[in-house]
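Residues in the sequence shown are numbered from 8 upward in steps of one, following this note's numbering.
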Amino acid sequence: FEVVTLLDYKYKGDQNLMLNLRDPVNADAGFQVQAVLTILETDQPDPAMIDDFQGFYRFEPSGDVNLSITEVMTGTPMAVPGQWTYEDVLTGVYGPAGGSAPSFTRTFPNSQDWTGYNGLSFWYYGSNSGQPITVNVLDNQATTTAQTPPGDWELVWSDEFDNAAGTTPNPNVWSAEIGDGSLNGIPGWGNSELQFYTDNAATDGSGNLTITLDQAEPAQQLLCWYGPCEYTSARLISANKVEAQYGRIESRVLVPDGAAGLWPAFWMLGTNIGEVGWPQSGEIDIMEYVSRNPNEVFGTIHGPGYSGGAAFGDTYTLQQPVAENYHTFAVEWSPDEIHWFVDGINYHNATPADVAPNEWVFNHPFYVILNLAVGGNFGGTVSPDLTLPQQMQVDYVRVYQAPNTSERFEASFVDDFSGWRQVSVPFSSFTRSAQQPAGAPNDGFGLNDVWGYGVTLPANSSGTLHMDQVQLAQIPTVERSRRFNVDRDTFINGTQPGAYNGTSQTMWVGFFDQMRPVVHVPISGIPNDAEIDLAYLYLYVTEGRGFSMWSGSVIPSVQAHPITTPWMPDPVNWWTPWNFPGGDYGPAVGSNHLGSGKIGTWLRLDITSAVQNTVSTGVNYGYILTSDDNHGVRYGLSTQDYWDPSKTGYVRVYYRTV
């Protein structure tokens, strides 16, 4: 038979699906009703992709923002340009207005090298709010967890399982592995275990996660490596979601109080297991318990040459049966050393010398696993006295690491559009944030030691955001032309301007007696075969300082007229003028105009057609600003504001190379 899959051009790796044929008709005795379907990955991983939100997100929200994943279909109003049949996007609902600025942050388990790229790119669904959206980057740290004593670590992440009874584990943290291991190519999970993992895990309403081992129902027709499955249970993994490199990894657990055969565990696997396999990936067993030894727990590492029965580990013996009470199990993990604890007592340690001459494979990120197995090579023979169901209770899982001293940098874009747009934020536009964590370095934005990124939404506002496909990019953008050449329309009205303020690069626009300013914006660096999608000229509106005449009147219908260079006294060649559409920044909403409500905002001029012509012909254009009304009103359009250099005017060009 044929199995139809969806084409999405997203790398997911090879995927296995278990197919169960229910109630076959006229089947011969011994007919195989279970098969494994392998979907071979034909796409290559994108090294520039940071987050694609395929079913989950890795952000930690702060403030009044609720994050979720929304699945959108092609052909619908919310479809992302270029998507295939289905696309998962990040959705955030924030507000209400009046609160502090909500934000969400993604921290990496170890630093990333972003050299070779010049910016971040992502799809953003604009609401045309006119509000700035801040993008944050966490650069290098003064001290990392690897360089910090465990006594100085602090709680950086936890799952406290405080949800209502029956709530499934947080999908942004945990995935449930399904089956008897056959899907993974290791029937019986490599240990001859007897359970078939399902999603038998939920919170109990009292602050615990409950993993339940129970009898398999015949109606489920589950097949295991040994025949019809006898047991179901659950195995939760944080792979690709919550990962850690070094720190104190801790959980408070109540193991099941049952007869021999039970095997609950709290452990970790290296995140590179898909590339290098086990045991080269490394395995850190923080706690294993087998009910045939009711007073003992085990702490172990597995690696190449020391796995399975030859692993390096130790046991801790309690005075009472382990299942009588909750106990805290932890490892403190640093480069080239791991220490095991039960209720704060250190009982086992491991260093490279303990596994020599074999390779130490524990200096890289790992993910967490919680599971309840039965039988198998280590769980042992299942006692006929074992009653079901049995439960493993997990109070919390916590990660302690060094305080994050990453130097913060930020840049912003303005939500001045509606619908999806691919936003590009060049690294050159990032500046050091005013708020820094204690001990943060102050050595510039280096890109070779990046620890995370995030988004800050406007304070005192509410709304919904959608974003997708956050990735590193080579942004072919003329982002900020720092110094404009400022001239005057002297040859058009035949007089010298009567109001031009001195030597700064701020030009004072005084639409008075037809006096019109000219801005020369040199465009360079864009390939001549590029397709120009959008181009904007941004000028900062200031008050008309330095003039005796000033009023709050409105100058409506501001127009932009491109003119060719070189400049005066050569002839001025006009392009056809146009009125640009709405969407200027600032508190005043409506048509583009200059007025008192625009002071302290940005004026945006659509110069797309002129830049398209510039790129194709090589002829640069300047811009005369005019209005259909004349008032004795003067406003500053800042190309480089003497009072505030951050208000430098700039050009932003969105284009694609062919």
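Here a beta-carbon is modelled for each residue, glycine too, at the ideal position from N, C-alpha and C.
Q) Do you know offhand how far E200's Cα is from Q51's? A) As a working mapping, residue 200 is identified with position 193 in the sequence shown. As a working mapping, residue 51 is identified with position 44 in the sequence shown. Distance between the alpha carbons of E200 and Q51 is about 34 Å.
Q | Proximity winner among P68, Q119, N73 and P139, relative to S110 (alpha-carbon distances) | A | On the sequence shown, residue 110 is found 103 positions in, with the first residue counted as 1. Out of P68, Q119, N73 and P139, P68 has the C-alpha closest to the C-alpha of S110.
Q.
Report the start-end ranges of each beta strand (DSSP E) in the segment 167-226 that is 3 residues or longer and not cut off at the edges.
A. 202-205, 208-210 and 216-222
Q: Give a yes or no on whether the C-beta atoms belonging to T141 and V389 are separated by under 8 Å.
A: One-based indexing of the sequence shown puts residue 141 at position 134. One-based indexing of the sequence shown puts residue 389 at position 382. Result no, Cβ atoms of T141 and V389 do not sit closer than 8 Å.
Q | Euclidean distance between Cα positions of W585 and Y131 | A | Within the sequence shown, residue 585 is the residue found at index 578, counting from 1. Within the sequence shown, residue 131 is the residue found at index 124, counting from 1. Bear in mind that a pLDDT of 34 at W585, under 50, signals an unreliable position, so the model cannot answer this.
Q) Taking DSSP as the reference, what is the three-state secondary structure of I482? A) Position 475 of the sequence shown, counted from the first residue, corresponds to residue 482. Coil.
Q) Taking the beta strand (DSSP E) that A241 falls in, what are its first and last residues? A) Taking the first residue of the sequence shown as 1, we reach residue 241 at position 234. Residues Y238 to I244.
Q. Considering V404, what are the terminal residues of the beta strand (DSSP E) in which it resides?
A. In the sequence shown, residue 404 corresponds to position 397, counting from 1. Element bounds for V404: Q397 to Q408.
Q: Would you mind sorting T278 into buried or exposed? The rule is 16 or more other CB atoms within 10 Å of its CB.
A: Translated into the one-based positions of the sequence shown, residue 278 becomes position 271. Burial call: buried.
Q) From what residue to what residue does the beta strand (DSSP E) around D95 run? A) Residue numbering aside, residue 95 sits at position 88 when the sequence shown is read from its first letter. Taken as a continuous stretch (DSSP letters only), the beta strand (DSSP E) holding D95 covers Y93 to Y101.
Q.
Can you give me the C-alpha to C-alpha distance between Y115 and T150, rounded to a whole angstrom?
A. Translated into the one-based positions of the sequence shown, residue 115 becomes position 108. Translated into the one-based positions of the sequence shown, residue 150 becomes position 143. Reading off the sequence shown, one finds Phe at residue 115, where the question assumed Tyr. One C-alpha to the other measures close to 15 Å.
Q: Please work out which residues of its chain come closer than 7 Å, Cβ to Cβ, to T358, disregarding the five sequence neighbours upstream and downstream, and give them in chain order.
A: Reading the sequence shown from its first residue, position 351 is the one you call residue 358. Closer than 7 Å at the Cβ level, and outside the excluded window around T358, lie D343 and E344.
Q. Would you say G195 and D187 are within 8 Å of each other, going by their C-beta atoms?
A. Indexing the sequence shown from 1 puts residue 195 at position 188. Indexing the sequence shown from 1 puts residue 187 at position 180. Cβ atoms of G195 and D187: closer than 8 Å.
Q: List the endpoints of the continuous beta strand (DSSP E) containing E282.
A: Reading the sequence shown from its first residue, position 275 is the one you call residue 282. Taken as a continuous stretch (DSSP letters only), E282 belongs to no beta strand (DSSP E), being part of the alpha helix (DSSP H) at I280 to V283.
Q. Helix, strand or coil for G82 per DSSP?
A. Numbered from 1 along the sequence shown, position 75 holds the residue referred to as residue 82. If DSSP states are grouped into helix, strand and coil, G82 belongs with coil.
**Q.** First through last residue of the beta strand (DSSP E) which encompasses P4
**A.** As shown, the chain starts at 8 and ends at 665. That puts residue 4 outside it, with no answer to give.
Q: Can you give me the Cβ contacts of T152 inside the same chain, cut-off strictly under 8 Å, excluding the 5 residues immediately before and after it?
A: On the sequence shown, position 145 is the one that residue 152 refers to. For T152, where only same-chain residues beyond five positions count, the Cβ hits under 8 Å are W160, Q252, Y253, G254, S341, Q408 and A409.
Q: Provide the residue(s) that pair with S413 in DSSP beta bridges, ordered along the chain.
A: Start at 1 with the first residue of the sequence shown, and residue 413 comes out as number 406. Note: S413 sits in no beta bridge, so no partner.
Q: Could you check if V11 is buried or exposed, using at least 16 other CB atoms within 10 Å of its CB as the buried criterion?
A: Within the sequence shown, numbered from 1, the residue matching residue 11 stands at position 4. So V11 counts as exposed.
(Q) Assuming G1 and N365 are in contact, meaning their beta carbons sit under 8 Å apart, how far apart are those beta carbons, in whole angstroms? (A) A query on residue 1 cannot be resolved here, the shown segment of the chain reaching from 8 to 665 and no further.
**Q.** Residue of V368, G234, N215 and G158 minimising C-alpha distance to P286
**A.** Working through the sequence shown from its first residue, we reach residue 286 at position 279. Checked all of V368, G234, N215 and G158; the closest Cα to P286 is V368.
Q: Identify every residue that forms a DSSP beta bridge with G254.
A: Within the sequence shown, numbered from 1, the residue matching residue 254 stands at position 247. DSSP lists W340 as partners of G254.
Q. For T174 versus A209, is the C-beta spacing smaller than 8 Å?
A. Here residue 174 corresponds to residue number 167 of the sequence shown, with the count starting at 1. Here residue 209 corresponds to residue number 202 of the sequence shown, with the count starting at 1. Yes, they are a contact pair.
Q.
Considering just the uninterrupted stretch of the beta strand (DSSP E) at F385, what are its terminal residues?
A. Taking the sequence shown and counting its residues from 1, the one referred to as residue 385 is at position 378. Element bounds for F385: not the beta strand (DSSP E) but the alpha helix (DSSP H), G383 to G386.
Q: Determine which residues share a DSSP beta bridge with L145 and list them.
A: Residue mapping note: residue 145 aligns to position 138 of the sequence shown, counting from 1. For L145, which the question treats as bridged, DSSP gives the partners R415 and G459.
Q.
With the cut-off set at 8 Å, would you say G70 and A42 are in Cβ contact?
A. Translated into positions along the sequence shown, residue 70 becomes position 63. Translated into positions along the sequence shown, residue 42 becomes position 35. It is not a contact, given that the beta carbons lie outside the stated cut-off.
(Q) Given this structure, state the Cα-to-Cα distance separating N378 from L243, to the nearest angstrom. (A) Numbered from its first residue, the sequence shown carries residue 378 at position 371. Numbered from its first residue, the sequence shown carries residue 243 at position 236. For N378 and L243, the distance between alpha carbons rounds to 6 Å.
Q) How long is the line joining the alpha carbons of E417 and F63, rounded to whole angstroms? A) Stepping through the sequence shown from its first residue, residue 417 is reached at position 410. Stepping through the sequence shown from its first residue, residue 63 is reached at position 56. Going from the Cα of E417 to the Cα of F63 covers about 25 Å.
Q) What's the call for R65, buried or exposed, on a 16-neighbour Cβ count within 10 Å? A) Along the sequence shown, one-based indexing puts residue 65 at 58. R65 should be labelled buried.
Q. Which word fits V466, buried or exposed, when buried means at least 16 other C-beta atoms lie within 10 angstroms of its C-beta?
A. In the sequence shown, counting from the first residue as 1, residue 466 sits at position 459. Contrary to the premise, residue 466 reads as Ala rather than Val in this sequence. Classification for A466: exposed.
**Q.** Pairwise C-alpha distance: P396 and P433
**A.** Residue 433 sits at position 426 when you count from the first residue of the sequence shown. Residue 396 sits at position 389 when you count from the first residue of the sequence shown. When rounded, the distance between both Cα atoms is 56 Å.
Q. Based on the DSSP output, what are the partners of I140 in its beta bridges?
A. The count along the sequence shown starts at 1 and reaches residue 140 at position 133. In the DSSP output, where bridge partners are listed per residue, I140 has F420.
Q) If we ignore side chains and look at the alpha-carbon of each, how far apart do F491 and V618 end up? A) As a position in the sequence shown, residue 491 is number 484, starting the count at 1. As a position in the sequence shown, residue 618 is number 611, starting the count at 1. Reliability fails at F491, whose pLDDT of 31 lies under 50, so the model's placement of it is uncertain and no value is given.
Q: Note down the Cα distance separating D58 from H473, rounded to an integer number of angstroms.
A: Locating residue 58 in the sequence shown gives position 51, counting from the first residue. Locating residue 473 in the sequence shown gives position 466, counting from the first residue. Looking at the two C-alpha atoms, the distance is approximately 13 Å.
Q. Is the distance from the Cβ of A317 to the Cβ of T307 below 8 Å?
A. In the sequence shown, residue 317 corresponds to position 310, counting from 1. In the sequence shown, residue 307 corresponds to position 300, counting from 1. No, the pair does not count as a contact, with Cβ atoms beyond the cut-off.
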